[in-house]
Each structure stands twice: as structure tokens, then as C-alpha cells.
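Presented below is the structure to which this report refers.
Residue numbers (the numbering used here): 4 to 169.
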């Protein structure tokens, strides 16, 4: 009888561990092939405004893309984070992939663009992550995305995009 109770206790602990693992594991989905991202992935984009490469305090979403590209739309140009390089206007940028990441606890979803930038001025190639887009889910029958002006655009996208989140 005692062995059954011990085995049941161990089984219960393992089950609870699996439940916590599946509830709190990172959730992400590659959306590189969905509009509007499919129009920019693996294409040369030219910066239309000044940007900075920052060394973020928190860990990046992909260890191969360790820097954050900032154009004044997220952290802010005066965030106090370490500036790795200044990206001048007319610099070539390539977006490699786009992923939607949903927070484990908060449930908020963010679109991360992962890419690389090379410039003669900065004398190097840097892999970066960039956040773009706003997910409108509160008080909406059908949640949708909007995309404000990004560093490679002359004007923001005006459409609403329905993209499945993880």
C-alpha cells in the first residue's frame, strides 16, 4: 500500500510539472510568409530615417540576433541603453524572418523582425531584432494588426491584417 501511495505522489508531481511546462513555455510562430511580412522578408530595404543599434538589457528572442534596432518607436532613442552603432539614412537592411511571440504570463503578442544591417559607416554586419506592429484584441470581435511607420517606409500601412497568433 505504501508503494502505491509513493508512486501516486511521484506521478502527481510529474503531471503537475508537465502542466506548468506546457502552460508557461514560450509560444511563437513564424509568419514570414504572411502579409505584410512576406513583402519585406529577404528583400533589400533602405532606411528612410536614422536608427540606432542598441544592446538591450533583457535577453533577445533569438540568440543569433542579439541587438535591438531602434528608430524611435519602441525603447526610444534616449533610452539610456548602450548604443552599439548609429545607422545612417540610406543604409541597406535585410529582414531574414518574422516571428510572433506571445508572453508566457501576460499573453500579449509582439511581432519581431529579425535581420541584418551592413554599412560602410559602421564597418560591420550586425544581426538585430526589431518590433513592429500593434495587435488590437481588446473590445474587438475579430482581433487584427496595424503597422505604424517603420524605418524603411515613406508612409505607414493603412490596412488591418488578421494574422493568427500562437
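We put the beta carbon where it would ideally sit given N, CA and C, even for glycine.
This structure is a prediction, so every number in the text was calculated from the model and none was measured.
Using alpha carbons as the reference points, say which of the options lies closest to residue i.
i, options, result
"residue 181", "126, 150, 128, 131", "Any question about residue 181 goes unanswered here, given that the chain covers just 4 to 169."
"residue 101", "40, 123, 168, 6", "40"
"residue 96", "127, 18, 140, 84", "127"
"residue 24", "161, 160, 158, 107", "107"
"residue 153", "43, 68, 8", "43"
"residue 33", "65, 20, 4", "65"
Beta-carbon separation of residue i and residue j under 8 angstroms?
i, j, result
"residue 116", "residue 98", "yes"
"residue 135", "residue 49", "no"
"residue 56", "residue 129", "yes"
"residue 73", "residue 54", "yes"
"residue 105", "residue 59", "no"
"residue 166", "residue 120", "no"
"residue 147", "residue 103", "no"
"residue 131", "residue 118", "yes"
Please state whether DSSP places residue i in a helix, a strand or coil.
i, result
"residue 244", "With the chain covering 4 to 169 only, the question about residue 244 has no answer from this structure."
"residue 10", "helix"
"residue 42", "helix"
"residue 166", "coil"
"residue 97", "strand"
"residue 19", "helix"
"residue 133", "strand"
"residue 24", "helix"
"residue 5", "helix"
"residue 51", "coil"
"residue 68", "coil"
"residue 110", "coil"
"residue 76", "coil"
"residue 87", "strand"
"residue 36", "coil"
"residue 157", "coil"
"residue 150", "coil"
Could you compute how far the alpha carbon of residue i sits from the alpha carbon of residue j?
i, j, result
"residue 86", "residue 75", "13 angstroms"
"residue 14", "residue 52", "57 angstroms"
"residue 10", "residue 112", "40 angstroms"
"residue 114", "residue 18", "32 angstroms"
"residue 142", "residue 163", "15 angstroms"
"residue 157", "residue 83", "28 angstroms"
"residue 38", "residue 160", "11 angstroms"
"residue 67", "residue 35", "17 angstroms"
"residue 6", "residue 12", "10 angstroms"
"residue 70", "residue 46", "20 angstroms"
Looking at chain C, is there any beta carbon in it that lies within less than 8 angstroms of the beta carbon of residue i?
i, result
"residue 9", "Protein chains in the displayed structure number just one, and chain C is not present."
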